[in-house]
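Participant:
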Amino acid sequence: WLEGGDSPRPEGVEQVLATLAWDSDRPTQLLELLDDYLPRAWRRPPLYGGILVGGRSRRMGRDKAGIEYRGERFVDRVAAALAPHVERTFLLGTDRSGAAGFPALPDPPGIAGPLAGLLAAVRWAPGAAWLIAACDLPLVSSEAAGWLLAQRRPGTWGILPRLDPEMPEKVEPLFALYEPQTAGLLAALTATGPLAPRRLATHPKIAAPTPSESLRGAWRNVNTPDDLDALPR
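For my numbering, count along the sequence shown from 1 and bump the result up by 96.
#1: So, for Thr320: in the same chain, excluding its five sequence neighbours on each side, which residues have a beta-carbon less than 8 Å away from its beta-carbon?
#2: How far does the beta strand (DSSP E) with Trp226 in it extend, from its first residue to its last?
#3: In the structure shown, what three-state DSSP assignment does Gly145 receive?
#4: With a threshold of 7 Å on Cβ separation, who are the neighbours of Arg329 within its own chain once the five nearest residues in sequence on each side are excluded?
#5: Could you check the C-alpha separation between Leu305 and Leu311 for me, to the nearest Å?
#6: Leaving aside the five residues before and after Ala216 along the sequence, list all residues of the same chain whose C-beta is less than 6 Å from its C-beta, in chain order.
#7: Please look up how many angstroms separate the CB atoms of Tyr274 and Trp226, rounded, as I've assumed it's under 8 Å.
#8: Around the C-beta of Lys301, are 16 or more other C-beta atoms found within 10 angstroms, so that it is buried, or is it exposed?
#9: Taking the DSSP output, what are the residues bridged to Arg169?
#10: Contact check, Leu178 vs Ala230 under 8 Å by CB: the rounded distance?
#11: Looking at C-alpha atoms only, which residue of Glu309, Arg294, Trp253 and Pro180 is the closest neighbour of Gln277?
#12: Look at the Cβ atom of Leu270, then the Cβ atom of Pro307, and state whether they are nearer than 8 Å.
#13: Using a 10 Å radius around the Cβ and a threshold of 16 neighbouring Cβ atoms, would you call Ala326 buried or exposed?
#14: Rounded to the nearest angstrom, what separates Ala161 and Leu235 at their Cα positions?
#15: Closest to Arg248 by CA distance: which of Ala117, Ser120, Pro264 and Ala303 is it?
#16: I need the DSSP call for Gly189, collapsed to helix, strand or coil.
#17: Within the stretch 199 to 284, note down every full beta strand (DSSP E) run reaching 3 residues or more, in order along the chain.
#18: Am I right that Leu282 and Leu291 are in contact with their C-beta atoms under 8 Å? What's the rounded C-beta distance?
Structural data, given as structure tokens:
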């Protein structure tokens, strides 16, 4: 509230964050207030986790979500990495692994591709932010998820990492962060063409930072038996 001389804040006015006195340094106080308030405001929507499980796993020859690595199923490893950061975790797509304990959101009718599950998520909870990870990322880590969340900024609608800075068109949408504003963006992209990662990457509201070398293994996906055999033991 900006006081004007002898005019104090009227009684009954609610949700006043601060009162700036007439003879104070109002611009500085206002900037300090915004620096404190804005980060809290844009983090207010709920943050959910989504695990993409809808692929057909043709090259692997079996459902990837249920494959065990170091004594844990892929899907459970991904869920454990997301859990410290999210309120709830959902399976996105058709679950063939029998991953009990997670609610599932089916792919939207008529939508195909790896991002179909993402569209299901933002349609189900358009007011939420979503931390999305594919089930075939067995090296995903809580540290990498925390890095994604640390990249959030006001005015940024999504964080799609770019592992190779020399390939600006190649981003990683299957372990990424999507703010509530992406619901409208995804709907618009779906209405005008295929829901392709490259179309997301070129949007000015999408950020594509590069993680440190120590974190990049979290984006290593497993598509074939050879990929599985090549994982560190």
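We put the beta carbon where it would ideally sit given N, CA and C, even for glycine. Being a predicted model, the structure only gives us computed values, none of them experimental.
Facilitator: The answer reads as follows:
#1: Arg155 and Met156
#2: Ala225 to Ala230
#3: strand
#4: Same-chain partners within the cutoff: there are none.
#5: Note on residue identity: the sequence assigns Pro, not Leu, to residue 305. Pro305 and Leu311: Cα-Cα distance of roughly 12 Å.
#6: Leu188, Leu201, Asp203 and Pro204
#7: Rounded to whole angstroms, the Cβ separation of Tyr274 and Trp226 is 5 Å, and the two are in contact under 8 Å.
#8: exposed
#9: Glu164
#10: The Cβ separation is near 12 Å, so there is no contact.
#11: Trp253
#12: No, Cβ-Cβ distance for Leu270 and Pro307 is not below 8 Å.
#13: Label assigned to Ala326: exposed.
#14: If I take the Cα positions, the gap works out to 13 Å.
#15: Ala303
#16: Three-state DSSP puts Gly189 in coil, outside helix and strand.
#17: 225 to 230 and 271 to 274
#18: So it is a contact: roughly 7 Å between Cβ atoms.
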